[in-house]
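*Asks:* Okay, so the sequence shown: first residue is 23 according to this note's numbering, each after it adds one.
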Amino acid sequence: MKKDMTTEEGIRINKYLALCGIASRRESDRLVEAGEVMINGRIARTQGVKVHPGKDEVVVKGRILALPEEKKVYILLNKPRNIITTNRDEKDRETVLDIVSVPQRIFPVGRLDRKSTGLLLLTNDGDLAHRLMHPSSLVEKEYLAQLEKPFLEKELKNLTGGMRLKDTGEKVSSCKAKLLSDGMQVLVTIHEGKNHQVRRMFWSLGYDVKKLDRVSYAGLKVGRLRRGEWRFLNKKEVKELYQKCGSS
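#1: Can you round the beta-carbon distance between serine 50 and leucine 141 to whole angstroms, since I take them to be within the 8 Å contact cut?
#2: Taking only runs that begin and end inside the segment 110-195, name each unbroken beta strand (DSSP E) of 3 or more residues, in chain order.
#3: According to DSSP, what are the bridge partners of threonine 211?
#4: For tyrosine 229, which residues of its own chain have a beta-carbon under 8 Å away from its beta-carbon, when the five flanking residues on both sides are left out?
#5: Going by other Cβ atoms of all chains shown within 10 Å of its Cβ, with 16 needed for buried, is phenylalanine 224 buried or exposed?
#6: Are the segment 143-157 and the segment 175-194 touching by the rule of at least three beta carbon pairs closer than 8 Å?
#7: Say whether chain D places a C-beta atom closer than 8 Å to the C-beta of leucine 178.
#8: When you compare only the Cα positions, how much space is there between proline 157 and glutamate 92?
#9: Check whether the segment 57-66 touches the segment 97-111, counting contact only when three or more Cβ pairs, one atom from each stretch, lie closer than 8 Å.
#10: Residues in its own chain within less than 8 Å of arginine 153 by CB, not counting five upstream and five downstream?
#11: List the whole-angstrom C-beta distance separating leucine 201 from valine 194, where the pair is believed to meet the contact cut-off of C-beta under 8 Å.
#12: DSSP on serine 50, reduced to helix/strand/coil?
#13: Quick one: Cα of threonine 117 to Cα of leucine 178, how far?
#14: Within 10 Å of its beta-carbon, does aspartate 235 have 16 or more other beta-carbons around it, so buried, or fewer, so exposed?
#15: Quick one: what's got a C-beta closer than 7 Å to isoleucine 33's C-beta in the same chain, skipping five residues either side?
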């Protein structure tokens, strides 16, 4: 996967000038060569110098530059199996950002493990992402779990009543669940986001999850999107997300 420069690493000056709308990258190199670019009060001497937006002061011909405010985008992806839910992967495996290609620097809201599929929200709106993931928002997430053996109806109260995970003793809150397909599938709705929570809940009761698909998140549903397909949310959907996490 091609890795874009981040603001933490710095942006090459020619790219920064281009993003600010001053000139093309090639013309920006010429401006640097001509001594027309100043960084923090000093003339930029090399084309490869990097700047940190919001930290470094860049001046071209007396004009202080700033990046234009990035347009907020909100994307719903139907995540396929074996795709990593991160911006980058140290093992160079395929990530969700290899599927969703937009000019904005987006990131996934929450996680789906590599083997899990289904609805994933991606955005560059850090405020909304923080609100949605905060425990106080109680945002519901609905999963369809396919098990290796039928789930017994008498175990439902143990699954939904609030339980301690067998591996760590960690307490999880009460949830909702419904048996489907003679118990081979269970629809589970939680409002927490502990690591591998649904899989660990079933494992604590003696069941292995063969497939796990997130079918709903904060009221959003995959709809007609097939695996690997994505779309932008509309204004109404974004407004409803803000409402669900306690913000207008």
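Every residue gets a Cβ at the ideal spot worked out from N, C-alpha and C, and that includes glycine.
*Replies:* Here's the rundown:
#1: Not confirmed; about 41 Å, so no contact.
#2: 139-145, 163-169
#3: Glu164, Lys198
#4: Leu169, Glu170, Lys171, Phe173
#5: buried
#6: no
#7: This model lacks chain D altogether, as it is built from one protein chain only.
#8: 28 Å
#9: no
#10: Ser159, Tyr264, Cys267, Gly268, Ser269
#11: Wrong, their Cβ atoms sit about 19 Å apart, outside the cutoff.
#12: helix
#13: 35 Å
#14: buried
#15: Met27, Lys72, Val73, Pro75
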